[in-house]
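Everything on this sheet refers to the single structure shown next.
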Amino acid sequence: MKITTVGIDLAKNVFQVHAVDERGKVALRKQLRRDQMPAFFANLPPCLIGMEACGSAHHWARTLQGFGHTVRLMSPQFVKPYVKSNKNDVADAEAICEAVTRPSMRFVPVKSVEQQAVLSLHRARQGFVIARTAQANQIRSLLGEFGLVIPKGICHVAKQVPELLEDASNQLPGTLRRLIARLTEHLKELDKLVDEFEDQIKAWHRSSELSLRLEKIPGIGPLGASALVASIADANSFDNGRQLSAWLGLVPRQHSSGGKPTLLGISKRGDVYLRTLLIHGARSAIVAAQRKAVNTNVWLASLLNRRHPNVAAVALANKNVRTVWALLAHGREFRPNYVPPQLAA
137 MKITTVGIDL
147 AKNVFQVHAV
157 DERGKVALRK
167 QLRRDQMPAF
177 FANLPPCLIG
187 MEACGSAHHW
197 ARTLQGFGHT
207 VRLMSPQFVK
217 PYVKSNKNDV
227 ADAEAICEAV
237 TRPSMRFVPV
247 KSVEQQAVLS
257 LHRARQGFVI
267 ARTAQANQIR
277 SLLGEFGLVI
287 PKGICHVAKQ
297 VPELLEDASN
307 QLPGTLRRLI
317 ARLTEHLKEL
327 DKLVDEFEDQ
337 IKAWHRSSEL
347 SLRLEKIPGI
357 GPLGASALVA
367 SIADANSFDN
377 GRQLSAWLGL
387 VPRQHSSGGK
397 PTLLGISKRG
407 DVYLRTLLIH
417 GARSAIVAAQ
427 RKAVNTNVWL
437 ASLLNRRHPN
447 VAAVALANKN
457 VRTVWALLAH
467 GREFRPNYVP
477 PQLAA
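Residue numbers (my numbering): 137 to 481.
Written out as C-alpha cells, the structure is:
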C-alpha cells in the first residue's frame with residue numbers, strides 16, 4: 137500500500153507514527169526513536185505529514201521538508217476533537233493523521249532557523265526582565281520589613297538603596313546591609329543582560345528589511361517589529377488582517393446564538409508577549425498623539441473622544457496588526473495618510 141498521509145506524535149525520544157493510504161486505510165503504525173526518524177522518512181516516498189505545533193515541531197518540519205515531504209503543523213487544540221476515546225500516543229498520532237487532511241484545518245507556518253533564533257533572543261530577554269522585576273520587589277520587601285519603604289519602580293530601587301545602605305541612622309544590621317548590597321549587584325547584572333539581549337535584537341532588526349518596514353507604523357518599535365516578523369513567518373498564511381488580529385487575541389470573543397450576535401471582551405488568545413508589545417506600543421503612540429497640539433490622526437482623535445484610553449490602545453493595536461498584515465502580505469511600504477480606494481472614491 138502506498139502511504140499518502142502520515143501523522144506524527146512528537147516526543148523527546150520515542151515518536152509514534154500513524155500512516156494511511158489514499159483510501160484512508162491504515163498502512164502503518166510504528167514507534168520510532170529519535171535517531172531512527174531521519175532514515176525512515178528519507179526512504180519514504182513524498183507524502184503529507186501532520187504534526188502538532190509543539191516543542192521541536194519546527195525543527196522536524198524543516199528536516200522532513202528537506203526529504204521532499206509536505207509538512208503541516210497544527211495547533212493542539214484543533215487536533216483534540218479528533219482523538220477517539222482515551223488519550224495515548226497511538227490515538228494522538230491517529231488523530232493528527234485525520235486532522236491534517238481536513239480542508240478547513242488551520243495550519244501554523246513553519247519558521248526558519250533565523251526566525252527561531254530571533255524569538256529565542258526575545259524569550260531570553262523577557263525572562264531576564266521578569267527576573268529583574270522579581271529581584272527589585274524582593275529588595276523592596278526585605279527593606280520594608282525594617283520600616284524602609286521604597287516607592288514602586290526599578291528606578292527608585294537603584295537610586296535609593298545605596299543611600300539607605302550608607303545611612304547609619306536607620307540602624308540596619310550589618311548582615312542585612314551586606315545582603316542588600318549583594319542583591320543590588322545582582323539586579324545590576326540582570327539589567328546589563330536585558331540591555332545586551334536588546335542590543336542583539338535591535339542589530340537583527342536593522343539587518344531585516346521587513347522589520348524596518350514595520351517600524352514605520354506608529355506604536356511599533358524595533359522589539360515589536362522584529363518579534364512580529366519572526367512570529368508571523370508567512371503573512372500569506374492568513375487570508376486577511378482580521379485573521380492575524382484574531383490569532384493574536386485582539387478581537388472580541390463571540391458568543392452568538394439564534395441569529396443574535398453577542399460580542400464580549402477581547403479573546404486574549406495567542407502570543408501574550410506579542411500582544412503585550414503591541415498594546416504597550418499603542419499606549420505610547422496615544423501619549424505622543426495627545427502631546428501634539430493638532431492630532432493628524434483623525435481616526436485616533438475621534439476614538440479618544442468617545443472611548444477610554446485603554447480601550448483606544450487595544451483598538452489601535454488591532455488596527456496596527458491589520459496594517460502589518462497588509463505590508464507583509466502585499467509587500468507595501470507604510471503610508472501614514474493612506475486612504476483605501478473604495479473610501480477615496
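Beta carbons are placed, not taken as given, at the ideal position from N, Cα and C, and that holds for glycine.
Compare the C-alpha of residue i against each of the options and name the closest.
| i | options | result |
| --- | --- | --- |
| Ser420 | Leu257, Asn446, Val285 | Asn446 |
| Asn372 | Gly191, Val236, Asn222, Leu464 | Leu464 |
| Val450 | Leu414, Ala462, Arg427 | Leu414 |
| His444 | Leu200, Trp461, Val423, Ser343 | Val423 |
| His466 | Phe264, Asn473, Leu346 | Leu346 |
| Phe243 | Pro388, Leu359, Gln379 | Gln379 |
| Gly406 | Ser381, Ala270, Phe177 | Ser381 |
| Lys247 | Glu299, Ala189, Lys161 | Ala189 |
| Ala554 | Arg349, Pro388, Gly395 | Residue 554 is absent from the structure shown; the chain starts at 137 and stops at 481. |
| Leu386 | Gly395, Lys396, Gly394, Lys404 | Lys404 |
| Ile290 | Lys352, His341, Ala270 | Ala270 |
| Ala294 | Asn306, Lys324, His154, Gly280 | Lys324 |
| Gly355 | Val215, Ala425, Ser192, Gly283 | Ala425 |
| Val162 | Gln152, Ile139, Leu359, Gly377 | Ile139 |
| Gln172 | Gly191, Asp157, Gln152 | Gln152 |
| Ala369 | His154, Phe176, Leu439, His194 | His194 |
| Arg159 | Pro245, Gly283, Trp340, Thr237 | Thr237 |
| Pro245 | Lys396, Gly283, Met187 | Met187 |
Decide if residue i is buried, meaning its Cβ has at least 16 other Cβ atoms within 10 Å, or exposed.
| i | result |
| --- | --- |
| Arg471 | exposed |
| Trp435 | exposed |
| Arg268 | buried |
| Thr459 | buried |
| Ser392 | exposed |
| Ser343 | exposed |
| Leu164 | exposed |
| Gly473 | The displayed chain sequence assigns Asn, not Gly, to residue 473. So Asn473 counts as exposed. |
| Asn454 | buried |
| Pro182 | exposed |
| Val285 | exposed |
| Gln390 | exposed |
| Leu399 | exposed |
| Gly377 | buried |
If you draw a straight line from the C-alpha of residue i to the C-alpha of residue j, how long is it?
| i | j | result |
| --- | --- | --- |
| Ser375 | Ser240 | Looking at the sequence provided, one finds Asp at residue 375 rather than Ser. Taking the straight line joining both Cα atoms gives about 13 Å. |
| Glu334 | Ala448 | 28 Å |
| Glu297 | Thr320 | The amino acid at residue 297 is misidentified as Glu; the sequence shows Val. Cα to Cα, Val297 sits roughly 8 Å from Thr320. |
| Ile185 | Arg198 | 12 Å |
| Leu261 | Leu326 | The identity of residue 261 in the sequence shown is Arg, whereas the question assumes Leu. Taking the straight line joining both Cα atoms gives about 10 Å. |
| Arg468 | Ala361 | 15 Å |
| Ala147 | His292 | 46 Å |
| Asn456 | Val330 | 26 Å |
| Gly417 | Gly357 | 7 Å |
| Tyr409 | Ile266 | 12 Å |
| Pro174 | Asn149 | 13 Å |
| Ile402 | Leu452 | 13 Å |
| Trp196 | Pro309 | 56 Å |
| Pro287 | Arg411 | 28 Å |
| Lys338 | Val249 | 18 Å |
| Thr540 | Leu301 | No answer is possible for residue 540: the residues shown for the chain start at 137 and end at 481. |
| Ile275 | Ala304 | 18 Å |
| Ala178 | Phe203 | 6 Å |
| His205 | Leu384 | 29 Å |
| Leu200 | Glu332 | 35 Å |
| Arg427 | Gly394 | 46 Å |
| Lys328 | Phe264 | 10 Å |
| Gln336 | His322 | 21 Å |
| Asn441 | Lys216 | 44 Å |
| Asn89 | Glu299 | The shown model of the chain, from 137 to 481, leaves out residue 89, and the question about it has no answer. |
| Leu278 | Ala272 | 10 Å |
Which residues share a DSSP beta bridge with residue i?
| i | result |
| --- | --- |
| Gln426 | DSSP lists no partner for Gln426. |
| Thr206 | Leu184 |
| Val142 | Ala155, Ile185 |
| Pro397 | BP columns for Pro397 are empty, so no partner. |
| Ile402 | Pro388 |
| Lys166 | Val153 |
| Val244 | Leu209 |
Are any of the Cβ atoms in chain D nearer than 9 Å to that of residue i?
| i | result |
| --- | --- |
| Ser221 | Given the protein chain composition of this structure (a single chain), no chain D is represented. |
Would you say the region 166 to 181 touches the region 208 to 217, given that touching needs at least three Cβ pairs under 8 Å?
no
Count the CB pairs spanning the region 230 to 239 and the region 137 to 156 that are closer than 8 Å, and state whether there are at least three.
yes
How about the region 251 to 266 and the region 356 to 372: do they share at least three Cβ pairs that are nearer than 8 Å?
yes
Could you say if the region 217 to 226 and the region 310 to 318 meet the contact criterion of at least three C-beta pairs nearer than 8 Å?
no
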